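Residue numbers for the sequence shown follow the numbering used here, so the first one is 44 and each next one is one higher. Report on one structure; see the data block that follows.
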Amino acid sequence: QIHIKMSGCPNGCSQHHIANIGFYGASLKVSGKTMPAYVPHLGGKYVDGEVIYGTRLKSRLPARRVPEAVERWINLYEADRNEGEVFNDFVERVGTARMEEEVKELTMPAEFSLESMQQFIDWNRVDPYKVERGEGECAI
């Protein structure tokens with residue numbers, strides 16, 4: 044069982060920091076354009092009152108590449124785990140550097156072009172991504 048939590052902002056409403064795999068919203072600048080992205084956390088949990096914060100990885104993933112990153116991490120876990128080893132124990136054993144390496148090529152944002160335009164549009168949107176800030180927490 045792997046818990047995945049995701050929030051569009053860093054405020055933590057989804058509790059991404061205590062998920063086995065968690066993400067919070069961010070952005071990337073590419074050729075003067077802004078791309079929606081997520082910062083991953085791995086190895087968090089909250090069970091029976093025990094709280095462990097996941098480790099924040101040193102990379103940002105373009106939003107459209109997050110599903111492939113999750114798939115790669117789960118495939119790596121399924122292929123290389125020890126018998127009976129849960130996901131968090133696997134992450135601790137192999138290390139976050141190995142998990143980052145597994146998705147390294149996905150963190151490289153595409154250059155802005157007609158072919159890569161979809162990478163610059165957030166999920167369920169039709170217009171290119173832009174950072175919008177409102178008044179107060181979760182204002183938008």
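Virtual Cβ for every residue (Gly too), placed ideally from N, Cα, C. Quick caveat, the model's predicted, so the values are computed rather than measured.
Using a 10 angstroms sphere on the CB of K173, the tally of other CB atoms stays under 16, which defines it as exposed. 8 Å or more divides the Cβ of R99 from the Cβ of A80. Per DSSP, the continuous beta strand (DSSP E) segment holding E93 begins and ends at 93-95. Straight-line measurement puts the Cα of H60 at about 30 Å from the Cα of D170. Counting along the chain, V134 sits inside the alpha helix (DSSP H) bounded by residues 130-137. The three-state secondary structure of V169, taken from DSSP, is coil.
Ranked by Cα distance from V146, the first of D132, V109, V134, I95 is V109. In the three-state reduction of the DSSP assignment, V82 falls in the strand class.
The DSSP-derived three-state label of V146 is coil.
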